[in-house]
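The numbering used here puts the first residue of the sequence shown at 15, with every later residue one more than the last.
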Amino acid sequence: MPNPAAPLVSVERADVAEAIHLGHLAVVDADGQARAVAGDPDHLTYFRSCAKPFQSMGSLGTGIAHRFDLRPDHIAIMSASHNGEPRHVEIVRDLLARAAIPESALQCGAHWPIHEASAAMARRQMTEPLAVFNNCSGKHAGMLAAAKALDAPLETYLEPDHPLQRRISDVIAAYTHLPSPSIHYGIDGCSAPNAAVPLATMARSFAALVRSEEETPRAVVAAMTGNPFLVGGTDRFDTRLM
C-alpha cells in the first residue's frame, strides 16, 4: 500500500501549529539515487510546467534552432513559466516572427501578466489580455515553430496524435525510462498534453537531463541557466535559484 502523504510544512501562530500541509517528496542525486524521501516517492504526479525542458527538446529536435536562427534566449523562453513582463513578451514575439507565425495561432489561452506591475501597465493599454502574456506562451511558440518545421498542421499542434506531440512523448519516455504507451497523459492548464509519472521517476528524469552530454539537452540546460530571468522573472524563486 502506498505511503500516505507526509507533513512537509507547518504554519504556526504563537508556537501553535495552525495548519499543516501534507505532500510527497523525492530527492535524487546526479546519478539518480534516492537521497531523501517523504510520503510516497512513487506517487503518480503530473509534470505540469516541469515538463517544459523536455517539451522544448521535442520541439528543438525538429531542427527549429537552425532553421529559424534561434538564440539561447528563445530556447529559455520555450522552457519558461514566465511572468509576462515586457522582456518575456518581446522574446516570444520575436520567436514567432522568425518562424513567420501570427500570435493568433497560439492556443495557450490569454491572461494578464503574472507580474503585477506589468499587468497594470497592460491594463492601461488594452481591455483584454493577450495570449503572449500567458506564462506558457514561449512553449507554445516553440511548438508552433516545430509544427511548421515538420510541415504539420498548426491548427492541431496540441492534439496528442500530432507529429510534434508524439515526438515530445518519445522524449518523456526516454528520460523517464518508461514505455511511452504506459505513460498516463492529461491536459495541462494551457491545453497541452501533460504526462503523469511516479514522483521519483520525475526527479531522475531531471538528473538525466543535467548529466546528458547530447547537444539538445545541453542547449536547453545552458539556455535556462544562462537566462534565468526569462525562465521566471522578477521575484520568482526559480530565477533566484538559477
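No residue lacks a Cβ here, since even glycine has one placed at the ideal position from N, Cα and C.
Any idea which residues DSSP pairs residue i with across the strands?
i: GLU32; result: GLU32 pairs with nothing; no bridge assigned.
i: ASN97; result: Beta-bridge pairing links ASN97 to no other residue.
i: TYR171; result: DSSP output for TYR171 lists no bridge partner at all.
i: PRO207; result: ILE201
i: GLU26; result: ALA31
i: LEU223; result: Its beta-bridge partners do not exist; DSSP assigns none.
i: TYR60; result: ALA210
i: ALA20; result: GLY37
i: ALA111; result: Paired residue(s): none; ALA111 is not in a bridge.
i: VAL262; result: For residue 262 there is no data in the structure shown, the boundaries of the chain being 15 and 256.
Who are the near neighbours of residue i in its chain, counting only those whose CB is closer than 7 Å to its CB and skipping five residues on each side?
i: HIS35; result: LEU22, VAL23
i: SER63; result: SER95
i: ALA19; result: LEU36, GLY37, HIS38, GLY53
i: PHE82; result: ARG112, ALA113, ALA159
i: THR170; result: HIS176
i: PRO127; result: ASN97, GLY98, GLU99, ALA133, ALA136, PHE147
i: GLY247; result: HIS96, ASN97, GLU99, HIS102, HIS129, THR253
i: GLY75; result: ARG181, THR230
i: LEU255; result: none
i: PRO193; result: ALA187
i: GLU32; result: VAL25, GLU26
i: VAL235; result: LEU223, VAL224
i: ALA166; result: HIS176, PRO177, LEU178
i: ARG250; result: ASN97
With a threshold of 6 Å on Cβ separation, who are the neighbours of residue i within its own chain once the five nearest residues in sequence on each side are excluded?
i: VAL185; result: PHE68, MET71, GLY72
i: ALA40; result: VAL51, PRO55, LEU213, ALA214, ALA217
i: ALA48; result: VAL42
i: GLN121; result: LEU172, SER205
i: ILE197; result: ALA209
i: LYS66; result: SER93, LYS153
i: CYS150; result: CYS122, CYS204
i: SER219; result: TYR189, THR190
i: SER183; result: SER194
Would residue i and residue j be called neighbours here (beta carbons separated by less than 8 Å)?
i: ASN148; j: CYS204; result: yes
i: ILE105; j: LEU213; result: no
i: ALA233; j: ILE91; result: no
i: THR190; j: VAL224; result: no
i: MET264; j: SER93; result: Outside the modelled stretch of the chain, which goes from 15 to 256, sits residue 264, for which no answer is possible.
i: PRO16; j: HIS80; result: no
What is the C-beta distance between residue i and residue j, in whole angstroms, given that I count them as a contact (C-beta under 8 Å)?
i: LEU178; j: LEU164; result: 6 Å
i: ALA124; j: LEU144; result: 6 Å
i: GLY46; j: ALA222; result: 7 Å
Below 8 Å CB to CB, which residues in the same chain sit around residue i once its five sequence neighbours on both sides are set aside?
i: PRO116; result: LEU110
i: ILE201; result: PRO207, ASN208
i: TYR60; result: GLY200, ASP202, ASN208, ALA209, ALA210
i: ALA44; result: ALA221, VAL224, ARG225
i: PRO86; result: ALA233, ALA236, ALA237, GLY240, ASN241
i: GLN139; result: none
i: ASP29; result: none
Just to check, is the beta-carbon of residue i closer than 7 Å to a non-hydrogen atom of the ligand SAH?
i: LEU178; result: Looking at this structure, you won't find the ligand SAH or any other ligand, since it has none at all.
Checklist entry - Is there contact here, the stretch 107-123 with the stretch 142-157, by at least three beta-carbon pairs under 8 Å? => result yes
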